[in-house]
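Enquirer: Counting in my numbering, the sequence shown runs from -19 upward without gaps.
Where a beta carbon is used, it is the ideal one built from N, C-alpha and C, also for glycine.
Would you mind keeping the following structure in view while I ask a few things?
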Amino acid sequence: MNKDRNRSSRRDFLKTAAVGAAAAALLPGAAAGRNGAGTGRAAKGAAFKLKYAPSVGAFEGHAGKAPADQLKFMADQGFTAWFDNGLMGRPAAEQEALARESARLGLAIGPFVVYADFAVESFVGRDPAVIDMLAARFRTAVETSKRTGCPWALAVPGRYSQRLDWDYQTANVVENLKRMAAVCEPAGLVIVLEPLNPKDHPGLFLTKMAQAYQICRAVASPSVKILDDMYHQQITEGNIIPNIDACWDELAAFHIGDSPGRKEPGTGEMNYRNIFGHIHGKGYAGVLCCEHGRSKPGLEGEKAFIEAYRAADNF
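Structural data, given as structure tokens:
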């Protein structure tokens, strides 16, 4: 009789617990990410070996739209850096707030874009008005760097000219970068030049790693270096690891994206586990911006993003 009563009590307890759990699941924010965003939450993770930097907006499903909450989520998952191409366009107060939160969380900030007009022949020419415009952009970048502590500003030198010999264009790019370096050097801001592939972005002047290296050596400034976007370079010329080695003393930052598709590592043909291991073995301590899309939508895609970096970081 007591045994039956105990079984009945246990059934009642389990039933009550199940009902309570179901009710709790219906409460606002239950099983959600930070600030109630999303419908699931990735477990906290150990710090990655390299400074992979997701962009603001990469984890809105888990963390919500507030950038500060997204930075906290990134740090919780083991990321030690972040980036925002549009950081220079944010209000000064917002830049300062993001910098404070980054410092609190121990996060580095990856390169922001200072100039990337794909439609204009800018650096390749000698137009005084264009040069003045560029100098103004770089002065603004210096102020952004001072407010945020980010030491890198990304530049794409614009289109090539069909009316001017290529060597003259290269000489003009070098001279114009010397002028921009004179703006940036006193503040410790480093211009990082990004070669882009000619299939996605036809008509641009800077496409190859060796070309970027040649320009940096000619400018000969600590404020002009290379950003190696490995997605673009896989399309343009491949040979990722040998080009990293050849350009090493002029490399300052990386962009990540698998090819084809420009999604997270492991979704294309590139062996990012080997690439990351090689970069880590060379003692790289800078930022690698996760400048790519996701192979899956929503929360599933955000979780796949994190899992992809866990797998590629296992070297």
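For Met189, tell me which candidate among Asp49, Ile221 and Val94 has the shortest Cα-Cα distance.
Expert: Here residue 189 is taken as the residue at index 209 of the sequence shown, counted from 1. When only C-alpha atoms are compared, the closest one is Ile221.
Enquirer: On the three-state DSSP scale, how would you describe Arg159?
Expert: For this step, residue 159 is matched to residue 179 along the sequence shown. Residue state, collapsed to three classes: helix.
Enquirer: Alpha carbon to alpha carbon, how far is Gln57 from Pro91?
Expert: For the purposes of this step, residue 57 is taken as residue 77 along the sequence shown, with counting starting at 1. For the purposes of this step, residue 91 is taken as residue 111 along the sequence shown, with counting starting at 1. Between Gln57 and Pro91, the C-alpha separation is close to 21 Å.
Enquirer: Do the region 63 to 80 and the region 98 to 107 meet, that is, are 3 or more Cβ pairs less than 8 Å apart?
Expert: no
Enquirer: Are the region 262 to 272 and the region 167 to 187 touching by the rule of at least three beta carbon pairs closer than 8 Å?
Expert: no
Enquirer: According to DSSP, is Arg290 helix, strand or coil?
Expert: On the sequence shown, residue 290 is found 310 positions in, with the first residue counted as 1. Three-state result, Arg290: helix.
Enquirer: Does the Cβ of Asp296 have 16 or more other Cβ atoms within 10 Å, making it buried, or fewer, making it exposed?
Expert: The structure shown does not extend to residue 296, since the chain is modelled only from -19 through 295, so no value can be given for it.
Enquirer: Suppose only complete runs of 4+ residues qualify. What are the alpha helix (DSSP H) ranges in the region 48 to 122, listed by chain order?
Expert: Assignment of alpha helix (DSSP H) within the region 48 to 122, counting only whole runs of 4 or more residues, yields 72 to 85 in chain order.
Enquirer: Please report how far the alpha carbon of Gly278 lies from the alpha carbon of His42, in whole angstroms.
Expert: Taking the first residue of the sequence shown as position 1, residue 278 is located at position 298. Taking the first residue of the sequence shown as position 1, residue 42 is located at position 62. Each residue's Cα considered, the two are about 9 Å apart.
Enquirer: Hey, how far is the Cα of Lys52 from the Cα of Glu244?
Expert: Here residue 52 is taken as the residue at index 72 of the sequence shown, counted from 1. Here residue 244 is taken as the residue at index 264 of the sequence shown, counted from 1. The straight-line gap from Cα to Cα measures roughly 21 Å.
Enquirer: Would Arg84 be called buried (16 or more neighbouring beta carbons within 10 Å of its own) or exposed?
Expert: For the purposes of this step, residue 84 is taken as residue 104 along the sequence shown, with counting starting at 1. Answer is exposed; the Cβ neighbour count stays below 16.
Enquirer: Quick check: Phe234 and Asp293, are their CB atoms within less than 8 Å of each other?
Expert: If you number the sequence shown from 1, residue 234 lands on position 254. If you number the sequence shown from 1, residue 293 lands on position 313. No, the pair does not count as a contact, with Cβ atoms beyond the cut-off.
Enquirer: Which first and last residues belong to the alpha helix (DSSP H) in which Tyr211 is found?
Expert: In the sequence shown, counting from the first residue as 1, residue 211 sits at position 231. In the DSSP assignment, Tyr211 falls within the unbroken alpha helix (DSSP H) covering Met210 to Thr216.
Enquirer: For Ala288, is the classification buried or exposed, using 16 other Cβ atoms within 10 angstroms of its Cβ as the cut-off for buried?
Expert: Counted from its first residue, the sequence shown places residue 288 at position 308. Around the beta carbon of Ala288, 16 or more other beta carbons sit within 10 angstroms, so the residue counts as buried.
Enquirer: If I measure Cβ to Cβ from Leu30 and keep anything under 8 Å in the same chain, skipping five residues before and after, which residues do I get?
Expert: Start at 1 with the first residue of the sequence shown, and residue 30 comes out as number 50. Around Leu30: Phe256, Ile259, His260, Tyr264, Leu268 and Asp293.
Enquirer: Determine the DSSP secondary structure at Ala12, reduced to helix, strand or coil.
Expert: Within the sequence shown, residue 12 is the residue found at index 32, counting from 1. Reliability of the predicted coordinates at Ala12 is poor, the pLDDT of 36 falling under 50, and the value obtained from them is presented with this limitation in mind. Correct three-state label for Ala12: coil.
Enquirer: For Ala291 and Tyr252, what's the separation of their Cα atoms in angstroms?
Expert: In the sequence shown, the residue the question calls residue 291 occupies position 311. In the sequence shown, the residue the question calls residue 252 occupies position 272. Each residue's Cα considered, the two are about 9 Å apart.
Enquirer: Any idea what DSSP makes of Ser201, helix, strand or coil?
Expert: Along the sequence shown, read from residue 1 onward, the residue named residue 201 stands at position 221. Note: Ser201 maps to coil in three-state DSSP.
Enquirer: Rounded C-beta distance between Thr128 and Leu67? I'm assuming under 8 Å.
Expert: Counting from 1 along the sequence shown, the entry for residue 128 is found at position 148. Counting from 1 along the sequence shown, the entry for residue 67 is found at position 87. Sure, about 7 Å apart at Cβ, within 8 Å.
Enquirer: Given a cut-off of 8 Å, decide if Ile206 and Ala192 are closer than it, judged by their beta-carbon atoms.
Expert: Position 212 of the sequence shown, counted from the start, is the residue given in the question as residue 192. Position 226 of the sequence shown, counted from the start, is the residue given in the question as residue 206. With contacts defined as CB atoms closer than 8 Å, Ala192 and Ile206 qualify as a contacting pair.
Enquirer: What did DSSP end up calling Ser275 once you bin it into helix, strand or coil?
Expert: Counting from 1 along the sequence shown, the entry for residue 275 is found at position 295. Here Ser275 sits in coil by DSSP.
Enquirer: With distances taken from CA atoms, which of Gly248, Glu155, Ala46 and Glu123 is nearest Ala200?
Expert: Counting from one through the sequence shown, the residue named residue 200 turns up at place 220. The candidate whose alpha carbon is nearest that of Ala200 is Glu155.
Enquirer: Since Glu282 contacts Phe28 with CB under 8 Å, what's their CB separation in whole angstroms?
Expert: Locating residue 282 in the sequence shown gives position 302, where the first residue counts as 1. Locating residue 28 in the sequence shown gives position 48, where the first residue counts as 1. The Cβ separation is near 16 Å, so there is no contact.
Enquirer: CB-CB under 6 Å to Asp238, same chain, minus the five flanking residues each way: which ones, in chain order?
Expert: As a first step, residue 238 is located in the sequence shown; it is residue number 258 there, counting from the start. Excluding positions up to five away in sequence, the list reads Pro245, Thr247, Gly248 and Met250.
Enquirer: Which of the three DSSP states, helix, strand or coil, is assigned to Ile236?
Expert: Taking the first residue of the sequence shown as position 1, residue 236 is located at position 256. Here Ile236 sits in coil by DSSP.
Enquirer: Cβ of His181 within 8 Å of Cβ of Phe98?
Expert: Walking along the sequence shown from the start, residue 181 turns up at place 201. Walking along the sequence shown from the start, residue 98 turns up at place 118. For the pair His181 and Phe98, the CB atoms are nearer than the 8 Å cut-off.
Enquirer: Ends of the alpha helix (DSSP H) at Tyr252?
Expert: Within the sequence shown, the letter at position 272 stands for residue 252. Looking at the DSSP string, the run of the alpha helix (DSSP H) that includes Tyr252 is Tyr252 to Gly261.
Enquirer: Could you give the distance in angstroms between the alpha-carbon of Pro305 and the alpha-carbon of Val153?
Expert: The requested residue 305 does not occur in the structure, where the chain is confined to residues -19 to 295.
Enquirer: Give the single residue among Arg139, Gly37, Ile286 and Lys276 whose Cα lies nearest to the Cα of Thr187.
Expert: As a position in the sequence shown, residue 187 is number 207, starting the count at 1. Nearest option by C-alpha distance: Arg139.
Enquirer: Run through the DSSP bridge pairs and tell me what Cys269 is partnered with.
Expert: Counted from its first residue, the sequence shown places residue 269 at position 289. Ala33 and His235, per the DSSP bridge assignment.
Enquirer: What are the partner residues of Val154, as DSSP defines its beta bridges?
Expert: In the sequence shown, counting from the first residue as 1, residue 154 sits at position 174. Beta-bridge pairing links Val154 to no other residue.
Enquirer: What is the rounded straight-line gap between the Cα of Ala116 and the Cα of His212?
Expert: If you number the sequence shown from 1, residue 116 lands on position 136. If you number the sequence shown from 1, residue 212 lands on position 232. Looking at the two C-alpha atoms, the distance is approximately 28 Å.
Enquirer: Taking C-alpha atoms, which residue in Ala26, Ser125 and Tyr95 lies nearest to Leu134?
Expert: In the sequence shown, residue 134 corresponds to position 154, counting from 1. Restricting attention to Ala26, Ser125 and Tyr95, the CA atom closest to the CA of Leu134 is found in Tyr95.
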